[in-house]
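Take the position in the sequence shown, starting the count at 1, then add 211; the result is the number in the numbering used here. Cβ coordinates follow ideal geometry from the N, Cα and C atoms, glycine included. Please read all numbers here as calculations on a predicted model, not as lab measurements. For reference, the structure is listed below as structure tokens.
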Amino acid sequence: MKIEGGRLVGDHVDHVTSPNHGETFANGGPDTLILHHTACASAASAVRILMDPQRQVSAHLVVAEDGTITQLLPFNIIGWHAGRSAWADRTEFNQFSIGVEIDNPGRLHQRDGRLFTWFEREIAEADAVQGVHRNESASSWWHRYPTRQLEMIEQLCQLLVSTYSVRYILGHEEVAPQRKVDPGPAFPLDQIRSRVLGDVPSPSTDAGTP
Ligand SMILES: [Zn+2]
212 MKIEGGRLVG DHVDHVTSPN HGETFANGGP DTLILHHTAC ASAASAVRIL
262 MDPQRQVSAH LVVAEDGTIT QLLPFNIIGW HAGRSAWADR TEFNQFSIGV
312 EIDNPGRLHQ RDGRLFTWFE REIAEADAVQ GVHRNESASS WWHRYPTRQL
362 EMIEQLCQLL VSTYSVRYIL GHEEVAPQRK VDPGPAFPLD QIRSRVLGDV
412 PSPSTDAGTP
């Protein structure tokens, strides 16, 4: 996998073009990766939503469960994935970030001892993870991220960090903690960012630095 002219090139990469986007990034391009989960039934249905002009949402990439990637916007164009957002001393993270949507249905609910997605697909316990979300205090169930998908995301983060001046890898749940829970506790966000970036400044220690 490599990046050529804002496009990801590789064996497992497809390209489409979303009509939902802003201008090109100002000031030398994106410096943040924002990781999301799609909360959709499939990567294909997520791509359809992110292509729909009525929905006014997009992301640069969608990573399917099997690790295949769809690129919807070149990396020099502003996508519409973060929404109202704030972290450290900045707001409006679409202006600074590449959005990566990870195919995963998100939080599960329990009924009669069985686990279901929000769209009522039953999930085997082997595909579920119990954990406390960083923005919450009670434990709940979440859909597991397959190893193949996690490996692809880490590789992708490495590639984007080495190609662009990326300083931060953040979850949507961190830049919009009142509204968003993605990518959630089943996703090894802290591990991936420390492996990719090394020691990362936290919002409290980073706030107020120029
Ligand atoms: Zn999100």
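- Not one heavy atom of ligand 1 sits closer than 6 angstroms to the Cβ of His271.
- Counting C-beta pairs closer than 8 angstroms gives three or more between the stretch 353-367 and the stretch 389-404, which meets the contact rule.
- Per DSSP, Asp277 lies in no beta strand (DSSP E) segment and is marked neither H nor E.
- With a threshold of 6 angstroms, the Cβ atom of Asp393 counts as near ligand 1, since some heavy atom of the ligand is closer than that.
- Of Arg378, Ala387, Lys391 and Pro394, the smallest CA-CA separation from Leu244 is found for Arg378.
- Burial state of Trp329 is exposed, judged by a 10 Å Cβ sphere holding fewer than 16 other Cβ atoms.
- Excluding five sequence positions before and after Cys368, the CB atoms of its chain that fall closer than 7 angstroms to its own CB belong to Leu244, Ile380, Ile403 and Val407, given in chain order.
- Under DSSP, Ala297 takes part in a beta bridge, and its partners are Thr302.
- Here the alpha carbon of Glu385 sits roughly 15 angstroms from the alpha carbon of Ser348.
- By the neighbour-count definition (other C-beta atoms within 10 Å, threshold 16), Asp222 is an exposed residue.
- Between ligand 1 and the CB of His247, the shortest heavy atom gap is smaller than 6 angstroms.
- With contact defined as three or more Cβ pairs closer than 8 angstroms, the stretch 303-320 and the stretch 282-293 are in contact.
- About 5 angstroms separates the beta carbons of Pro394 and Leu246, which is inside the 8 angstroms limit, making them a contact pair.
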